[in-house]
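Asker:
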Ligand code: IPE
Ligand code: IPE
Ligand code: MG
């Protein structure tokens with residue numbers, strides 16, 4: 290797919306886009322609704338945005354759904370988020386697989402309920418033949434990811450590691466580094482997301498709360514990205 294303004298092939302320039310989907314709680318608060326309702330709306334946005342990005346020809350999409358620090362929230366909110374995740378898998382996973390999408394969950398599944406963890410593993414297996422990748426970060430933290438990678442390398446018998454060794458042992462090993470990271474809701478921080486992989490990523494911030502974020506906002510982010518000059522330490 291080409292961008293109408295630039296006639297540039299988007300999928301060539303952006304091989305991987307990542308989203309820090311933030312602002313569900315504030316969206317609900319503004320409407321005097323429970324935070325869980327913000328997550329319900331956020332899930333609808335997630336579905337539309339993912340579809341739009343794949344339609345643009347972007348081959349790898351990563352979304353931050355639940356961080357290792359999000360356990361600090363109330364049991365009620367955590368329960369609502371886990372319930373939504375499971376329902377989304379039940380309702381939409383087969384369709385995503387049919388559309389040619391490979392689902393990968395980034396993060397440590399062991400603290401999740403066995404039912405949810407098993408469903409996640411099952412989809413990962415059933416979609417493994419597909420080319421386009423949707424990484425969903427659940428119980429994901431970049432520090433946990435790097436620590437996990439190093440421990441794996443140690444258990445493989447390594448006493449010295451290279452940067453390449455670490456990259457190939459991260460949860461994101463099937464995707465290239467993100468070209469563009471988008472964060473909504475006006476916050477300008479990584480919150481333990483893709484610390485290793487973001488070394489040369491471009492950042493785009495939107496003040497919109499995630500449930501209000503639209504496919505046109507992705508287009509704005511993409512257009513902004515296209516105007517940037519990436520130097521990777523060179524010129
Ligand atoms: C993002 O929205 C979703 C998750 C972190 C699970 P928040 O729930 O963080 O929304 P705010 O930041 O409180 O508005
Ligand atoms: C980051 O958002 C995690 C997700 C979007 C899942 P948070 O809302 O948890 O981040 P902080 O606490 O504002 O840094
Ligand atoms: Mg937040």
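In the numbering used here, the protein residues as written are 290 to 524. From the three backbone atoms N, C-alpha and C, an ideal C-beta is built for every residue, glycine too.
1. Residues in the same chain with beta-carbon distance under 8 Å from residue 386, minus the five sequence neighbours each way, listed in chain order, please.
2. Of all the options 351, 381 and 367, which has the alpha carbon lying nearest to the alpha carbon of residue 487?
3. Rounded to whole angstroms, what's the CA-CA distance from residue 521 to residue 489? Just pull it up for me.
4. Just tell me which of 516, 507, 456 and 302 has its CA closest to the CA of residue 334.
5. Check whether the region 467-480 touches the region 507-519, taking contact to mean three or more Cβ pairs, one atom from each stretch, closer than 8 Å.
6. Report the start-end ranges of each beta strand (DSSP E) in the region 377-420 that is 3 residues or longer and not cut off at the edges.
7. Note down the Cα distance separating residue 421 from residue 348, rounded to an integer number of angstroms.
8. Under 7 Å between the Cβ atoms of residue 430 and residue 356?
9. Which same chain residues, not among the five before or five after residue 434, have their C-beta less than 6 Å away from its C-beta?
10. What does the Cβ neighbour count give for residue 518, buried or exposed, with the cut at 16 atoms within 10 Å?
Answerer: Taking the definition as stated:
1. 392, 412, 415, 416 and 419
2. 351
3. 7 Å
4. Minimum Cα distance to residue 334 is reached at 507.
5. yes
6. 390-395
7. Spanning the two alpha carbons is a distance of roughly 5 Å.
8. Note that the C-beta distance between residue 430 and residue 356 is below 7 Å.
9. Counting only Cβ-Cβ distances below 6 Å, and skipping sequence neighbours, we find 459 and 460.
10. Exposed, by the Cβ-count rule.
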